[in-house]
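Just below is one structure, and these are the notes that go with it.
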Amino acid sequence: MRLDEIARALDCELRGAPDTEIVRVWPIETAAAGDLSFVANPRYRRYLSTTQASALIVAPDLDDLDVPTLRTTEPYLAFARALRLFYVAPPRQEGIHATAVIAGDAQIGAGASIGPHAVVEGGVRIGTDATIASGVTICHGAVIGDRFTAYPRVTVREAVRIGNDVILHAGAVIGSDGFGYVPSAAGVLEKIVQGGTVILGDEVEVGANATIDRATVGATVVGRGSKIDNLVQIGHGCEIGEFSVLAAQTGLAGSTRVGSWVQMGGQTGTTGHLTIGDLSRLAARTGVVSDIAPGSVVGGYPAVPIEAWRRSRVLLNKLGDVLRRLRRLEKALGADEDSAPSP
Amino acid sequence: MRLDEIARALDCELRGAPDTEIVRVWPIETAAAGDLSFVANPRYRRYLSTTQASALIVAPDLDDLDVPTLRTTEPYLAFARALRLFYVAPPRQEGIHATAVIAGDAQIGAGASIGPHAVVEGGVRIGTDATIASGVTICHGAVIGDRFTAYPRVTVREAVRIGNDVILHAGAVIGSDGFGYVPSAAGVLEKIVQGGTVILGDEVEVGANATIDRATVGATVVGRGSKIDNLVQIGHGCEIGEFSVLAAQTGLAGSTRVGSWVQMGGQTGTTGHLTIGDLSRLAARTGVVSDIAPGSVVGGYPAVPIEAWRRSRVLLNKLGDVLRRLRRLEKALGADEDSAPSP
Amino acid sequence: MRLDEIARALDCELRGAPDTEIVRVWPIETAAAGDLSFVANPRYRRYLSTTQASALIVAPDLDDLDVPTLRTTEPYLAFARALRLFYVAPPRQEGIHATAVIAGDAQIGAGASIGPHAVVEGGVRIGTDATIASGVTICHGAVIGDRFTAYPRVTVREAVRIGNDVILHAGAVIGSDGFGYVPSAAGVLEKIVQGGTVILGDEVEVGANATIDRATVGATVVGRGSKIDNLVQIGHGCEIGEFSVLAAQTGLAGSTRVGSWVQMGGQTGTTGHLTIGDLSRLAARTGVVSDIAPGSVVGGYPAVPIEAWRRSRVLLNKLGDVLRRLRRLEKALGADEDSAPSP
Numbered sequence: 001m002r003l004d005e006i007a008r009a010l011d012c013e014l015r016g017a018p019d020t021e022i023v024r025v026w027p028i029e030t031a032a033a034g035d036l037s038f039v040a041n042p043r044y045r046r047y048l049s050t051t052q053a054s055a056l057i058v059a060p061d062l063d064d065l066d067v068p069t070l071r072t073t074e075p076y077l078a079f080a081r082a083l084r085l086f087y088v089a090p091p092r093q094e095g096i097h098a099t100a101v102i103a104g105d106a107q108i109g110a111g112a113s114i115g116p117h118a119v120v121e122g123g124v125r126i127g128t129d130a131t132i133a134s135g136v137t138i139c140h141g142a143v144i145g146d147r148f149t150a151y152p153r154v155t156v157r158e159a160v161r162i163g164n165d166v167i168l169h170a171g172a173v174i175g176s177d178g179f180g181y182v183p184s185a186a187g188v189l190e191k192i193v194q195g196g197t198v199i200l201g202d203e204v205e206v207g208a209n210a211t212i213d214r215a216t217v218g219a220t221v222v223g224r225g226s227k228i229d230n231l232v233q234i235g236h237g238c239e240i241g242e243f244s245v246l247a248a249q250t251g252l253a254g255s256t257r258v259g260s261w262v263q264m265g266g267q268t269g270t271t272g273h274l275t276i277g278d279l280s281r282l283a284a285r286t287g288v289v290s291d292i293a294p295g296s297v298v299g300g301y302p303a304v305p306i307e308a309w310r311r312s313r314v315l316l317n318k319l320g321d322v323l324r325r326l327r328r329l330e331k332a333l334g335a336d337e338d339s340a341p342s343p
Numbered sequence: 001m002r003l004d005e006i007a008r009a010l011d012c013e014l015r016g017a018p019d020t021e022i023v024r025v026w027p028i029e030t031a032a033a034g035d036l037s038f039v040a041n042p043r044y045r046r047y048l049s050t051t052q053a054s055a056l057i058v059a060p061d062l063d064d065l066d067v068p069t070l071r072t073t074e075p076y077l078a079f080a081r082a083l084r085l086f087y088v089a090p091p092r093q094e095g096i097h098a099t100a101v102i103a104g105d106a107q108i109g110a111g112a113s114i115g116p117h118a119v120v121e122g123g124v125r126i127g128t129d130a131t132i133a134s135g136v137t138i139c140h141g142a143v144i145g146d147r148f149t150a151y152p153r154v155t156v157r158e159a160v161r162i163g164n165d166v167i168l169h170a171g172a173v174i175g176s177d178g179f180g181y182v183p184s185a186a187g188v189l190e191k192i193v194q195g196g197t198v199i200l201g202d203e204v205e206v207g208a209n210a211t212i213d214r215a216t217v218g219a220t221v222v223g224r225g226s227k228i229d230n231l232v233q234i235g236h237g238c239e240i241g242e243f244s245v246l247a248a249q250t251g252l253a254g255s256t257r258v259g260s261w262v263q264m265g266g267q268t269g270t271t272g273h274l275t276i277g278d279l280s281r282l283a284a285r286t287g288v289v290s291d292i293a294p295g296s297v298v299g300g301y302p303a304v305p306i307e308a309w310r311r312s313r314v315l316l317n318k319l320g321d322v323l324r325r326l327r328r329l330e331k332a333l334g335a336d337e338d339s340a341p342s343p
Numbered sequence: 001m002r003l004d005e006i007a008r009a010l011d012c013e014l015r016g017a018p019d020t021e022i023v024r025v026w027p028i029e030t031a032a033a034g035d036l037s038f039v040a041n042p043r044y045r046r047y048l049s050t051t052q053a054s055a056l057i058v059a060p061d062l063d064d065l066d067v068p069t070l071r072t073t074e075p076y077l078a079f080a081r082a083l084r085l086f087y088v089a090p091p092r093q094e095g096i097h098a099t100a101v102i103a104g105d106a107q108i109g110a111g112a113s114i115g116p117h118a119v120v121e122g123g124v125r126i127g128t129d130a131t132i133a134s135g136v137t138i139c140h141g142a143v144i145g146d147r148f149t150a151y152p153r154v155t156v157r158e159a160v161r162i163g164n165d166v167i168l169h170a171g172a173v174i175g176s177d178g179f180g181y182v183p184s185a186a187g188v189l190e191k192i193v194q195g196g197t198v199i200l201g202d203e204v205e206v207g208a209n210a211t212i213d214r215a216t217v218g219a220t221v222v223g224r225g226s227k228i229d230n231l232v233q234i235g236h237g238c239e240i241g242e243f244s245v246l247a248a249q250t251g252l253a254g255s256t257r258v259g260s261w262v263q264m265g266g267q268t269g270t271t272g273h274l275t276i277g278d279l280s281r282l283a284a285r286t287g288v289v290s291d292i293a294p295g296s297v298v299g300g301y302p303a304v305p306i307e308a309w310r311r312s313r314v315l316l317n318k319l320g321d322v323l324r325r326l327r328r329l330e331k332a333l334g335a336d337e338d339s340a341p342s343p
């Protein structure tokens, strides 16, 4: 693709040869001739003088370079869109495969692609242009918007409600039973029926083998545009706002409330029935046991401000030194204890 | 449903209008007219004066309220059962779907519902009234009791033994190979065949996408009534007692022994070949590296008594203060070190 | 099986009755008459005098025992191979099941066993002697070597490349989209297309419900002989060397580089864009936030040398004592602070 075509498609200013031929979009560290790359983060500027890329997406104010450049105030976004220009999607099967089992009263909009062995149960309603891969099951009464994408082996349980432009990756389970039991006098654990549901807003994406439990009553909610990574667990009755991002293997205990534009690092956990404010950011593996104020940046278990967490980790490694110095002082003062601990 | 009907069904004493019409069972914080709610935990009593609920399940000794009440010594249990009264299960397909593949020598009891594209391999025996959803695979020689429920895409590997009233949620894998390799002289990792199996007792419930590995020899065992949440991993050769509860994303390394009535918080882990005693309780994300005595309440990694864990967390945040005070003392004593660390 | 046959099969020296009949291979602690067991680790030698096993695999230099022995320099490896001698695999369906959906242009080598409802899409190439269980989906253009084993419900996404002798356990997902978004000026999160792929080397084994994301560009790579346990997450663009072992629920953030012969304990996590050197060993639940030198043995979060991590854990529990002694010194020096913290 010619660089001027790309510039137009990405709405960037072009500086340099418009007929530069681009064959691939690639990170700057390993880019080769024919590649379009980008620099957003200043620490990657060191590659500018040595890169083999044929063109670069950079900020408007960067000095002119030897290679042609595309100028934009958002180089990373333009790079992401350039990737899309060159992306070749696998072929899409048109229509409903003969081996799919679709209930007579299911309503499926125009333009659907439904793969082999998919199952759509009674009362389901799906919007237009759905892409449902092989082995997906949509259970009774689920209601799904337009441009739905479900990769192989997704399960959407009964009565779940899903917005437009939602993507569910392979093996994701939406609407599994919440985890609730009550000990009975008979000395057993009685299951609490999970009669609620799950609501996924528009543009939600759920990762491979992630699980989102249905509420006991009411609904577990994931708001518009929020992104849930692989192997994340969302407990019953959780509510997540808009455009929040939960990295892989994070787990939310029941009734956790997560605001909008929240970022949760991988393997984070919450103990439930608490609130994580809008725009807060949680380091990987944060353990949340009480409310997090909006805009907080936290880490550790229990979660504390990120600087405090980092400092405590450093200090922990100085503890042996603290003990040694303490003993020296005690000795100087003749205050040794018989039971003085040794490090 | 009339309140007197509900009182009879739940075996509660009714105080107030027997013809109160209940349409929904709902938590007290957000209950509305027509709702039946409950108060078990004293800290929810503050809602008693303001709730819009039409009736409440409460303890026998609570003062009379303005709204009708159902009296029981176990309000939470009664609430759970009330939920069941109002629960509407999705329709159940009767019989075996034409697309299911059932081996000629498989034995399936009366009353089975087997969904599209389910697979039951040779030599499998399943009791009465099984509900097996679409895309479930039961491998060779598995033996399963009565009233078995498997949600979509469950895999039960060969020779696994499952009791009565077991529920397996979507994507759960029972009997995958244990994780065992041995380095050989040839400089490769040789797989140790996993010739054992898994035994699930009566009333076991396994969450979505959870995995339970088969033993190398003998069996991985989950005892009667134990509940395994989503995305839990149970390694080969583990043994879990009765009515234990393992919250989401917990992982048991091989040969962990867990007693009965144990509660494990989410994201807990064990290093294997150790014993967790009956009735012990583990905080979320506990890391167990040695035996836990029966009845213990522990947290942290490595696990320590819960009070010690909480205290050490608090103290960790005071370390900067300790260092500062230590330096002040050293200065007062003229005992500064050249190499004194700075916080 | 006669013990002399076993000795020949395992290439061990036999001492004792060659016609000893062995019916089972079993660990020494619970071995019974008819069992073949082994002792590799010296701490199991205490069972030598009491075991009921009929024969034992032991090191060449061990004293003669009352029971017949098989002598080898690698008793554990011989035990693993003995297990294989007695292992009875479940029956293998020959050929391609009538309900499998195989694209016309897919190439599948001789000797394939393909189960019910499996799907092989267009352009896929699979080597000889594949065993593909029910409900597996191999997406467009994937290329797979010889002796491939996929358990039920595995998903291999488009264009993934897989070597020889690879085993994928039930529910594993290979090639799901990497987790990448960029905030746009419009105030939404734009998906970064994931146009790369996954490459699995020969002899790789991937556990049940584990997920390996495809790269944004290029490939996520798992090298020859590496073993990935259940519920592990491998982010986009990671590269793992040869014969590394990642225990259950470990998560690698994007672009993590793991060397060869690395051992990662369960629930370990990495923050991405870092390197873990060859032969390093990580304790369970290590949190890696910076490079790990080759051959390191580390633990903790952030990861520190294993001895330092163990010591800091011990010291943490002495913090209360430190504070108490510090206050005593301050008092002795008349250096009390009004604002002195209490433990």
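Protein chains in written order, with the working numbering: chain A, 1 to 343; chain B, 1 to 343; chain C, 1 to 343. All residues carry an ideal CB built from backbone N, CA and C; glycine is no exception.
Counting only runs of 3+ residues, the beta strand (DSSP E) found wholly inside the stretch 262-335 of chain A occupies 297-299, in chain order. At a C-beta separation below 8 Å, GLY141 (chain B) has no neighbours in chain A, since its nearest C-beta there lies roughly 24 Å away. Proximity of THR99 (chain C) to chain B, defined by a Cβ-Cβ separation below 8 Å, is satisfied. Taking the Cβ atoms as the reference, VAL136 (chain A) lies roughly 5 Å from ALA118 (chain A), within the contact range of under 8 Å. Rounded to whole angstroms, the gap between the alpha carbons of ALA185 (chain B) and GLU74 (chain C) is 8 Å. At least one beta carbon of chain B lies nearer than 8 Å to the beta carbon of TYR87 (chain C). In this model, ALA80 (chain C) and ALA150 (chain C) are separated by some 23 Å (Cα to Cα). In the structure shown, LEU77 (chain B) falls within a helical segment according to DSSP collapsed to helix, strand and coil. Residues of chain C with a Cβ closer than 8 Å to the Cβ of VAL304 (chain B) are, in chain order, ASN317. Rounded to whole angstroms, the gap between the alpha carbons of LEU70 (chain C) and LEU14 (chain C) is 5 Å. In the three-state DSSP reduction, PHE179 (chain C) falls in the coil class, being neither helix nor strand. With 16 or more neighbouring CB atoms inside 10 Å of its own CB, GLN249 (chain C) falls in the buried class.
Here the stretch 46-54 of chain A lies against the stretch 18-27 of chain A, with 3 or more beta-carbon pairs under 8 Å apart. Distances from the CA of ALA7 (chain A) to each of A:PRO305, A:THR72, A:ASP146 and A:SER226 were compared; the closest alpha carbon is that of A:THR72.
When DSSP states are grouped into helix, strand and coil, ALA215 (chain C) belongs to the coil group. Interface annotation, GLY235 (chain C): in contact with chain A, CB-CB separation under 8 Å.
At a Cβ-Cβ threshold of 8 Å, VAL222 (chain C) and GLY201 (chain C) count as neighbours. Residue state for ARG153 (chain B) is assigned as coil, using DSSP reduced to three classes. By the criterion of a C-beta distance shorter than 7 Å, LEU83 (chain C) is surrounded in its chain by VAL25, once the five residues flanking it on both sides are discounted. GLY225 (chain A) is a Cβ neighbour of LEU189 (chain C), given a cutoff of 8 Å.
With a cut-off of 8 Å on Cβ pairs, the stretch 310-322 of chain B is not in contact with the stretch 285-297 of chain B, counting fewer than three such pairs.
Considering only beta carbons, the part of the stretch 20-52 of chain B lying closer than 9 Å to chain A consists of ARG24, VAL25, TRP26, PRO27 and THR30, in chain order.
When the Cα atoms are used, PRO27 (chain A) and TYR76 (chain A) turn out to be separated by approximately 11 Å.
Minimum Cα-Cα distance from HIS140 (chain B) among the listed residues B:ASP165, B:ASN317 and B:ALA159 corresponds to B:ALA159.
The C-beta separation of VAL204 (chain A) from VAL258 (chain A) comes to about 13 Å, leaving the pair out of contact by the 8 Å criterion.
Shortest Cα-Cα distance from VAL67 (chain B) to any of B:VAL217, B:SER49 and B:VAL288 involves B:SER49. Under the DSSP definition of a beta bridge, ILE228 (chain C) partners with C:VAL206 and C:LEU246.
Residue range 13-15 is occupied by the beta strand (DSSP E) that includes GLU13 (chain C). Pairing ILE228 (chain A) with ILE138 (chain C), the inter-Cα distance amounts to about 24 Å. Within chain A, no C-beta atom comes less than 9 Å from the C-beta of ASN164 (chain B); the nearest is roughly 13 Å away. At a cut-off of 8 Å between C-beta atoms, HIS117 (chain C) counts as an interface residue with respect to chain A. According to DSSP, ILE96 (chain C) shares a beta bridge with C:ILE114. Taking a C-beta distance under 8 Å as the contact criterion, GLY235 (chain A) and ASP213 (chain A) qualify as a contact pair. Annotation: the continuous beta strand (DSSP E) that includes LEU36 (chain A) extends over 35-38.
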